[in-house]
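Number of protein chains: 2
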Amino acid sequence: MTATLPVVCAALGDPTRWEILTRLGEGPMSASALARVLPVSRQAIGKHLEVLREVGLVESEQRGREVVYLAVGARLGALARELDRIGRSWETRLLRIKELAERPGPAASEAPEASD
Amino acid sequence: MTATLPVVCAALGDPTRWEILTRLGEGPMSASALARVLPVSRQAIGKHLEVLREVGLVESEQRGREVVYLAVGARLGALARELDRIGRSWETRLLRIKELAERPGPAASEAPEASD
DNA sequence: GCGTACTGCAACCCATAGGTTGCAGGCGCG
DNA sequence: CGCGCCTGCAACCTATGGGTTGCAGTACGC
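Each protein sequence line maps, in turn, to chains A and B. Position one of the first sequence corresponds to residue 1 (the UniProt record's numbering), numbered consecutively onward. Position one of the second sequence corresponds to residue 1 (the UniProt record's numbering), numbered consecutively onward.
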């Protein structure tokens, strides 16, 4: 999956797409079926499904004469892991900076004294 | 934080905002400082920072005459946990459906009549 | 074999998100 | 004390994303 982080997040940034994903999370559905339960046209649904498919959040499967889509939980899990990793790195650097700021003397040995 | 999932994801769906977040993840910066290193105007940066602040991804702090912003890793972590939970639920239901489909005998205890 | 329902493609519309410029106010530094 | 930098607010522009309608093709069920 070459879909970059902002792209995947953008795909998840639309309420209608979350509606679609929620429905697909409960079981496979076709675009027409989705259009029946959601307040948008089948064509709009189709565009959303295409976006979601490009970032790997849904997969399509030809079933008879219709095409059913299903939500790929693993993709969401992968994204979650990436975000978590980045979040942790932010906090780590933040802590390091605070340490430096609050440490008056440049005794830069690794003595993680929690003198808060 | 009342920011709904699609809203937070939308905030993360813009490349420029990721640039900002990345810089802020390395240490606190002011809007002007960000505008100096990024190819957009200070005002544009300001709008992005406002969006990020509304969903809790950055926090601001008055430091002397300037306002510095810093990335909130915990928020990203919280989002990651939510996404992971949802992803898992999708996979669980998927497995259940596949089980039902591949189980020839209706030996299921609660078989909610799939009469389609 | 016919009609029906599903799909794919294209043109078009409109709101808004992302960006810019311009200006006015204030706090710090030299 | 005055200059400079940083902030906040507002008006404005434009591309694009989300949506619609319409049409043509095709496979399924009866």
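Note that beta-carbon positions come from the ideal geometry of N, C-alpha and C, so glycine has one too.
- Item | For MET29/A and ILE97/B, the rounded distance between their alpha carbons | Their backbone Cα atoms lie some 13 Å apart in a straight line.
**Prompt:** Mind checking whether LEU76/B and LEU24/B have CB atoms under 8 Å apart?
**Reply:** Not closer than 8 Å, so no.
inquiry  = What does the alpha-carbon distance come out to for the pair LEU38/A and LEU49/A?
reply    = About 13 Å.
* To do: Tell me the start and end of each unbroken beta strand (DSSP E) in the region 17 to 97 of chain A that is at least 3 residues and wholly inside, in chain order.
  => The region 17 to 97 of chain A is shown to contain whole beta strand (DSSP E) runs of 3 or more residues at 58 to 63, 66 to 71, in chain order.
- Buried or exposed: GLY64/A, going by 16 or more other Cβ atoms within 10 Å of its Cβ? By the neighbour-count rule (16 or more Cβ atoms within 10 Å), GLY64/A is not buried but exposed.
### Query
To which residues of the same chain is VAL7/A closer than 7 Å at the C-beta, ignoring the five residues directly before and after it?
Answer for VAL7/A: VAL55, listed in chain order.
(request) For LEU95/B, count neighbouring Cβ atoms within 10 angstroms of its own Cβ and tell me buried if that reaches 16, exposed if not. (result) Of the residues assessed, LEU95/B falls on the exposed side of the cut-off, its CB having fewer than 16 other CB atoms within 10 angstroms.
Alpha-carbon to alpha-carbon, GLN62/B and VAL72/A:
When rounded, the distance between both Cα atoms is 43 Å.
With a cut-off of 8 Å, does the C-beta of GLU91/A fall near any C-beta of chain B?
-> Interface with chain B (8 Å Cβ-Cβ cutoff): GLU91/A is included.
Could you check whether ILE45/A and LEU34/A sit closer than 8 Å to each other, using their CB atoms as the reference points?
Result yes, Cβ atoms of LEU34/A and ILE45/A sit closer than 8 Å.
* Out of curiosity, what's the CA-to-CA distance linking ILE86/A and GLU99/B? -> Near 36 Å, if we compare the C-alpha coordinates of GLU99/B and ILE86/A.
Inset, instruction - Express the C-alpha separation of LEU12/B and ALA3/A in angstroms, rounding to a whole number. - result: If you draw a straight line from the Cα of ALA3/A to the Cα of LEU12/B, it is about 14 Å long.
Original post:
Under the three-state reduction of DSSP, which class applies to ALA11/A: helix, strand or coil?
Top reply: Residue state, collapsed to three classes: helix.
Against PRO15/A, what residues of chain B qualify as contacts under a CB-to-CB distance less than 7 Å, listed in chain order? Contact of PRO15/A with chain B by beta-carbon distance below 7 Å involves PRO6.
Open item on the list: Is it buried or exposed, ARG36/B, if we count other Cβ atoms within 10 angstroms and call 16 or more buried?
Closed with: Counting Cβ neighbours within 10 Å, ARG36/B comes out exposed, since fewer than 16 surround it.
Thinking C-alpha only, which one of ARG93/A, LEU83/A, TRP90/A is nearest CYS9/A? From the listed residues ARG93/A, LEU83/A, TRP90/A, the smallest Cα separation to CYS9/A is found for LEU83/A.
Listed by chain order, chain A residues near ARG88/B by CB distance under 9 Å: Correct list: GLY73, LEU76, GLY77.
inquiry  = Taking CB distances under 8 Å as the criterion, tell me whether GLU61/A reaches chain B.
reply    = GLU61/A has a beta carbon lying at 8 Å or more from every beta carbon in chain B.
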